[in-house]
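Numbered per this note's numbering, the sequence shown spans residues 152 to 582. The C-beta atom is built at its ideal place from N, Cα and C for all residues, glycine as well.
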Amino acid sequence: MPDRTHAPRPAPFFCAGHSFLPNGMLGVFGGNTGGKGGSGAKLSFVFDPWTEGWYRNRDMAVGRWYPSVVTGADGRQIIMSGQSERGTGTPTPVVERFPALGQPVPWRPYDIPLDVSVQRMRSDAPFRNDYPHLFSLRDGMIYGLGRDADQQWLFDPRAETRTDLPRRPADFRGYGSAVPLPAGFRGPDSVLVLGGDPLDPNTYRLSGGAWTAQEPRAFGRTQDDTLILPGGTLLTVNGAKDTRDYGFGPFNPKADLKFRQTELRGADGRWRLGPAQRLPRGYHSNALVLPDGRVMVTGDELQQIANDPDIKDGMDGSIEIYEPAYLHRGARPVLDRVPAGEIAHDAEFSVESSTATGVRRAVLLAPTTVTHAVNTSQRHLELRMTGVRGRTIGLRAPATSADAPPGYYMLFLLDAKGVPGAAKWVKLGKR
Ligand SMILES: [Cu+2]
């Protein structure tokens, strides 16, 4: 493992699927046991970010290499797709849930799931291609958006049924990003699908059961990551022409500039170019928003093969930090204190800020865990401000767990210029 201890790699969870649990831990499912072009592992793990420890749970019914996982409104995880234990070319239609109904949802950081079982669900998800985009939207339904245009499905996690969504306008999308669009005080009710085709710069929105073409980005690309920033702007980083190809042929580490080019989507839905990344990052790249408002960009294979002089150590070398323009517009709002305990949905609560009078917006941003451009957990919600008294700002939590699944969120305060301060973590959902 590329960690401080250099302990032996405990399990082959290479290219697994993951999302967060209400207790702040990460559920990680699947992997690759090797052979047969990639045999799916049945592994089920939980990662504890406080101790950086791993806990093993009972195996899934099927192996999964390249699965997707999403956390639903009840805090349980739904696991779909992935190449089965029989090897590449055998994506599993089996849908499983963690923890199984009847077992408690891990709620607090000391609730460590150990030896907990998954449960097969009655509905199947016969995706022809792995790593579908999965989202739990404000209606509590799970949206399964396959890479194939004709495999767009709606799953009811309670009734355990699957129904068809309309065919997506664009054809096959491989390793493009998708984002649940911010929807103000409510949870998201639409998804923007981007990337996945180097020849198609368009973006496509699924909303109200219908697809519409939206503003294009400047370039088509695959392997991109699109993040929601604290103010609701979208940021695309990373990208390639194809797996291990930045535009000048397979395994050529030279990159067409456009694959290093970041892009930003403002409130008007229009895209504009941001700065170029120092290095191109495509297959197995990664990106996330840090609590201080910066963006961390990392991962990739090809440029590291070419540029990492220590490649023999087997570690992915570099991290780039992007500082969005809002970090360079002068003083930032200060968030001094947030509730230490759990915040119930729809409850009023207060935070303390020494810059309270300048605060115009308060926002929850879910942490993200992304791989292969699949990011099921990011979510952006505005919090209603109920009043400011001195340093105290009254806020109201999102109405339901369908709007915002239980768990940890970054709480950002923003000023009139849209500048966010550094976030503090809050725990949403009260037992
Ligand atoms: Cu992979």
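Check	Outcome
Contact belief for Trp219 with Ala524 at Cβ below 8 angstroms, rounded distance in angstroms	In the sequence on display, residue 219 carries Ser and not Trp. Rounded, the Cβ-Cβ distance is 11 angstroms, inconsistent with contact.
Sequence ranges, beta strand (DSSP E) only - wholly within the segment 350 to 391, length at least 3	354 to 358, 361 to 365, 376 to 379 and 385 to 388
DSSP state of Ala594 mapped onto helix, strand, coil	Here the chain comprises residues numbered 152 to 582, so residue 594 is not present and cannot be evaluated.
Sequence-distant residues of the same chain with beta carbon closer than 6 angstroms to Gly554, five excluded per side	It is worth fixing the name first, because residue 554 is Asp in this sequence and not Gly. Same-chain partners within the cutoff: Arg289, Arg337 and Gly338.
Helix, strand or coil at Arg409 according to DSSP, with G and I counted as helix	Reading off the sequence shown, one finds Lys at residue 409, where the question assumed Arg. In this structure, Lys409 counts as helix in the three-state DSSP scheme.
Through-space distance from Leu385 to Ala517, alpha-carbon basis	14 angstroms
Cα-Cα separation between Asp375 and Arg540, rounded to whole angstroms	43 angstroms
Exposure of Thr641, with buried meaning 16 or more beta-carbon neighbours within 10 Å	The chain is shown only over 152 to 582; residue 641 falls outside these bounds and no answer can be derived.
Distance CB(Ala276)-CB(Pro244) smaller than 7 angstroms	yes
Span separating the alpha-carbon of Arg430 from that of Pro163	The sequence shown places Leu at residue 430, rather than the Arg named in the question. Distance between the alpha carbons of Leu430 and Pro163 is about 28 angstroms.
Of the listed residues Phe563, Glu203, Leu564 and Phe410, nearest to Leu424 (C-alpha basis)	Phe410
Cβ pair Ile293, Tyr206 closer than 7 angstroms	no
Outcome for Phe611 when other beta-carbon atoms lying within 10 angstroms are tallied against a minimum of 16	Residue 611 lies beyond the residue range present for the chain, which begins at 152 and ends at 582; the question has no answer from this structure.
Straight-line Cα distance separating Ala334 from His531	8 angstroms
Sequence-distant residues of its chain with Cβ nearer than 6 angstroms to Ser358 (five each side left out)	Ser341
Cα-Cα separation between Leu345 and Asn353, rounded to whole angstroms	7 angstroms
Separation of Pro255 from Ala573, as counted between CA atoms	33 angstroms
Outcome for Ala406 when other beta-carbon atoms lying within 10 angstroms are tallied against a minimum of 16	buried
Contacting residues, own chain, Cβ-Cβ under 6 angstroms from Leu439 (five flanking each side not counted)	Met447 and Thr519
Nearest residue (CA-CA) to Asp361, options Asp315, Ala550 and Trp258	The sequence given here has Ala at residue 361, not Asp. When only C-alpha atoms are compared, the closest one is Asp315.
Ile456 to Gly390 span [Cα, whole Å]	17 angstroms
Spatially closest choice to Pro260 from Asn437, Gly383 and Leu172, by CA coordinates	Leu172
Limits of the unbroken beta strand (DSSP E) element including Leu532	His531 to Arg540
C-beta atoms of Gly188 and Gly233 nearer than 7 angstroms	no
Beta strand (DSSP E) runs contained entirely in the segment 257 to 327, provided each spans 3 or more residues	284 to 287, 293 to 296, 303 to 307 and 312 to 315
Sequence-distant residues of its chain with Cβ nearer than 7 angstroms to Asp154 (five each side left out)	Confidence at Asp154 is low in this model, with a pLDDT of 42, below 50, so its placement is unreliable and no value can be given for it.
Rounded C-alpha distance that separates Gln303 from Ala507	44 angstroms
C-beta contact flag for Thr343 and Leu350 at 7 angstroms	The sequence shown places Leu at residue 343, rather than the Thr named in the question. No; because the gap between Cβ atoms is not below 7 angstroms, this pair is not in contact.
Pick from Gln365, Phe278 and Glu493 that is closest to Pro320, judged by C-alpha positions	Gln365
Nearest-angstrom Cα separation, counted from Lys392 out to Pro490	46 angstroms
Beta strand (DSSP E) runs contained entirely in the segment 398 to 454, provided each spans 3 or more residues	412 to 416, 422 to 427, 436 to 440 and 446 to 450
Length of the line joining the Cα atoms of Asp497 and Lys581	11 angstroms
Span of the beta strand (DSSP E) around Asp199	Ser195 to Asp199
Boundaries (first-last residue) of the beta strand (DSSP E) holding Arg248	Glu247 to Phe249
Three-way DSSP call (helix, strand, coil) for Ala457 in this model	helix
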